[in-house]
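Q:
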Amino acid sequence: MKKDWWIASSVGALAVVVGVAGAGVYVNEQVNGLNRPPAYTVAAPEPILEPARAEAAPDFTGLSSQLREAASDPRLGRFSGQIRDTSTGEIIWSQNPDRAVRPASATKILTAAAALYDLGWDDTITTDIVSGEAPGTVVIKAAGDVTLSQEQIDELATQLDGQEVDTVLVDTSIWSDKTFAPGWERIDIDAGYVAPIEPVMIEGGRIGGSHGDLPRTHTPALDVAKSLAERIGATTTGEGTAPQEALVLATTESDSLEKRLRRMMEESDNVMAEAIGREIAQKHGVDTDAASSAQLTMDILREHGFDLDGVSIVDNSGLSFDNLITPKLLDDILHAAATEEQLRPLLNTLPIAGGNGTLVDRYGQLGGAGWVRAKTGTLTETSALAGTVTSESNRVFTFAFVSNESNILDARVAMDEMATVLREF
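Written as structure tokens, this is what we have:
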């Protein structure tokens, strides 16, 4: 199985009030000199408010005991994880946190962090339609936007009004022609989990809709050319190369990276994850195949101080069974997102328990509903849950749970219950 199934947290600010008292001084200047009587004295006022003091960290002994018991649940199979208090940085529970395990779509946490560090939350992608070499030909200059909508295709067609066009070509040379990674399964295209990773697509290559695990096309870039051709009455489509310094006839822009990451994380969109990984690789002049872009993701995280010992990923989506990630790394990234400005947008991309995305149908009556925000992960005998939760005592925790060699549905419930233990602290 590959389909992923969605904290509200708050941060309080403390104010310190400082009272200031002054004194008056009388100065009498005379012709023969200065006469300085003693300064008036004023008694210091009683403080209106005591200066605020940092709250002492609570005793986590009882909570840690509850977590150890929850982690021993046989439904969790081969279980690893780590939990941290964001205020103090204290690790309050861990179990084999340095063990590299199969993470499934929790891999996307690494992809999102690398993208925020390297591209910035406001990054966008521009797709141009340029004039071709032959008369009556236009070329779609693919730039990495796999989220084009039908409305954007309509807009591009409108911009081409007045142009006599009989041929629409698409230039995909910006990315590698290795569009499908080793270890992925072609059957997953029709199942809706992935498409050939090409640098321009309509709605991630979905057929018949814009969201969810709908069947995907096997020819996503060519489909964009066909869709545009239908709107402008062109009769010929195909692949081609845009001329150097070609005249730009029409253009459209993607959503910001922050919005694209939110969609990637909430829906666990594998195509989006792979596209963002390749966008980073293209920026650095690195090969844009799955393995090379995944290696760059690891390199960027390592440059920002994360410990990647034992970690190995071969794609940015988590589709491959060959990916190995430690729960410690997942939790370290989430803790950084809770404490660093640059990664802060990552927290807003996480699905809400019982509310949206891949967590919309989970938690039910559990106390974690509405308070847990986490990225899910699902592959055969693999379940992952990594995110944040605000406790009833207003502590904010980050956590990473990964279950291998387990029944998926049973492991999900056990992990949801464990996250709820944090909420009820």
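The numbering of the sequence shown is the numbering used here, which starts it at 941 and goes up by one.
Cβ atoms here follow ideal geometry from the backbone N, Cα and C, with glycine treated the same way.
1) Taking DSSP as the reference, what is the three-state secondary structure of Ile1137?
2) The beta strand (DSSP E) spanning Ser1071 covers which residue range?
3) The beta strand (DSSP E) that contains Leu1088, what's its start and end?
4) Name the residue from Ser1208, Val1108, Thr1112 and Glu1193 whose alpha carbon lies nearest to the alpha carbon of Arg1171.
5) Are the CB atoms of Leu1154 and Glu1206 nearer to each other than 9 Å?
6) Apart from the five residues on each side of it in sequence, which residues of its chain come closer than 8 Å, Cβ to Cβ, to Asp1111?
7) With three or more C-beta pairs closer than 8 Å as the rule, is the segment 1049-1062 touching the segment 1084-1100?
8) Closest to Arg1024 by CA distance: which of Leu1187, Arg1302, Gly1317 and Leu1274 is it?
9) Report the rounded CA-to-CA distance for Glu1345 versus Ser1034, giving the unit in angstroms.
10) Does Arg1302 come out as helix, strand or coil in the three-state DSSP assignment?
11) Under the DSSP definition of a beta bridge, which residues are partnered with Phe1019?
12) The ligand ZN and Tyr1057: does the residue's C-beta get closer than 8 Å to at least one heavy atom of that ligand?
13) Would you verify that the beta carbon of Asn1210 is, or is not, closer than 9 Å to some beta carbon of chain D?
14) Which stretch, first to last residue, makes up the beta strand (DSSP E) that contains Glu1179?
15) For Val1211, report the span of its alpha helix (DSSP H) as first-last.
16) So Thr1360 is in the alpha helix (DSSP H); what residue range does that whole segment cover?
17) Mind checking Ala997: buried by the 16 CB within 10 Å criterion, or exposed?
18) Can you tell me which residues form a DSSP beta bridge with Arg1313?
19) Roughly how many whole angstroms lie between the Cα atoms of Leu1236 and Ile1348?
20) Tell me which same chain residues have a C-beta within less than 8 Å of the C-beta of Ala1221, skipping the five on either side of it?
21) What residues in its chain sit with their C-beta under 8 Å from that of Lys1268, if we drop five residues either side in the sequence?
22) Determine the direct distance from the alpha carbon of Arg1335 to that of Lys1146, and round the result to whole angstroms.
23) Do you know how far the Cα of Asp1272 is from the Cα of Gly1250?
24) The alpha helix (DSSP H) spanning Lys1166 covers which residue range?
25) Can you give me the start and stop residues for the beta strand (DSSP E) that Asp1272 sits inside?
26) Compute the distance between the beta-carbons of Gly1307 and Val1300, then report whether it is under 9 Å.
27) Quick check: the Cα distance between Ala1359 and Arg1042, rounded to an integer number of angstroms?
28) Just list the residues that DSSP pairs Ala1190 with in beta bridges.
29) For Lys1118, report the span of its alpha helix (DSSP H) as first-last.
30) On the criterion of 16 or more Cβ atoms from any shown chain inside 10 Å, does Glu1219 qualify as buried, or is it exposed?
31) For Met1355, collect the residues of the same chain with a Cβ closer than 6 Å to its Cβ; drop the 5 residues on either side in sequence, then sort them by chain order.
32) Please return the same chain residues whose Cβ sits closer than 7 Å to the Cβ of Asp1130, not counting the five positions on each side in sequence.
33) For Ile1278, count neighbouring Cβ atoms within 10 angstroms of its own Cβ and tell me buried if that reaches 16, exposed if not.
34) Among residues of its own chain, excluding the 5 on either side of Gln970, which ones have a beta-carbon nearer than 6 Å to its beta-carbon?
35) How close, in whole Å, do the beta carbons of Asn1210 and Ser1257 come, if the pair is a contact with beta carbons under 8 Å?
A: With the structure as the only source:
1) Correct three-state label for Ile1137: coil.
2) From DSSP, the beta strand (DSSP E) with Ser1071 extends over Thr1066 to Ser1071.
3) Counted as a single uninterrupted DSSP element, the beta strand (DSSP E) harbouring Leu1088 occupies residues Asp1085 to Leu1088.
4) Sorting Ser1208, Val1108, Thr1112 and Glu1193 by C-alpha distance to the C-alpha of Arg1171 places Val1108 at the top.
5) No, the pair does not count as a contact, with Cβ atoms beyond the cut-off.
6) Cβ neighbours of Asp1111 beyond the five flanking positions: Val1079, Ile1080, Lys1081, Ala1082, Glu1179, Gly1180, Thr1181 and Ala1182.
7) No, because fewer than three Cβ pairs between the segment 1084-1100 and the segment 1049-1062 fall closer than 8 Å, the two stretches do not touch.
8) It is Leu1274.
9) Whole-angstrom Cα-Cα distance: 19 Å.
10) DSSP places Arg1302 in coil when its eight states are reduced to three.
11) DSSP output for Phe1019 lists Ser1343 as bridge partner(s).
12) Ligands displayed in this structure: none; no statement on the ligand ZN is therefore possible.
13) The structure shown has no chain D; it contains just one protein chain.
14) Per DSSP, the continuous beta strand (DSSP E) segment holding Glu1179 begins and ends at Thr1176 to Glu1179.
15) Asn1210 to His1224 is the span of the alpha helix (DSSP H), which, as asked, contains Val1211.
16) Where Thr1360 is concerned, the enclosing alpha helix (DSSP H) stretches over Ile1348 to Arg1363.
17) Result: exposed.
18) In the DSSP output, where bridge partners are listed per residue, Arg1313 has Ile1292 and Thr1328.
19) Approximately 30 Å, taken between the alpha carbons.
20) Only Asp1227, Thr1228, Ser1232, Ser1233 and Leu1236 meet the Cβ criterion.
21) So the list reads Gln1022, Ser1034, Pro1037, Asp1038, Asp1247 and Ala1340, once near-sequence residues are dropped.
22) The sequence given here places Arg at residue 1146; Lys does not occur at that position. For Arg1146 and Arg1335, the distance between alpha carbons rounds to 41 Å.
23) Their Cα atoms are separated by approximately 15 Å.
24) According to the DSSP assignment, Lys1166 belongs to the alpha helix (DSSP H) that extends over Pro1160 to Ile1172.
25) Per DSSP, Asp1272 belongs to no beta strand (DSSP E); it is in the alpha helix (DSSP H), Pro1267 to Thr1279.
26) No. Outside cutoff.
27) Distance between the alpha carbons of Ala1359 and Arg1042 is about 20 Å.
28) The secondary-structure analysis by DSSP pairs Ala1190 across a beta bridge with Ile1069.
29) That residue, Lys1118, is in no alpha helix (DSSP H); it is neither H nor E in DSSP.
30) Under this definition Glu1219 is a buried residue.
31) Excluding its 5 nearest sequence neighbours in each direction, Met1355 has C-beta neighbours in its own chain below 6 Å: Leu1325 and Phe1341, listed in chain order.
32) Here Asp1130 has Pro1155 as same chain residues with Cβ atoms under 7 Å from its own Cβ, once five neighbours each way along the sequence are excluded.
33) Note on identity: in this sequence residue 1278 is Ala, with Ile being the wrong assignment. Under this definition Ala1278 is a buried residue.
34) Bear in mind that a pLDDT of 34 at Gln970, under 50, signals an unreliable position, so the model cannot answer this.
35) The C-beta distance from Asn1210 to Ser1257 rounds to 4 Å, short enough to fall under 8 Å.
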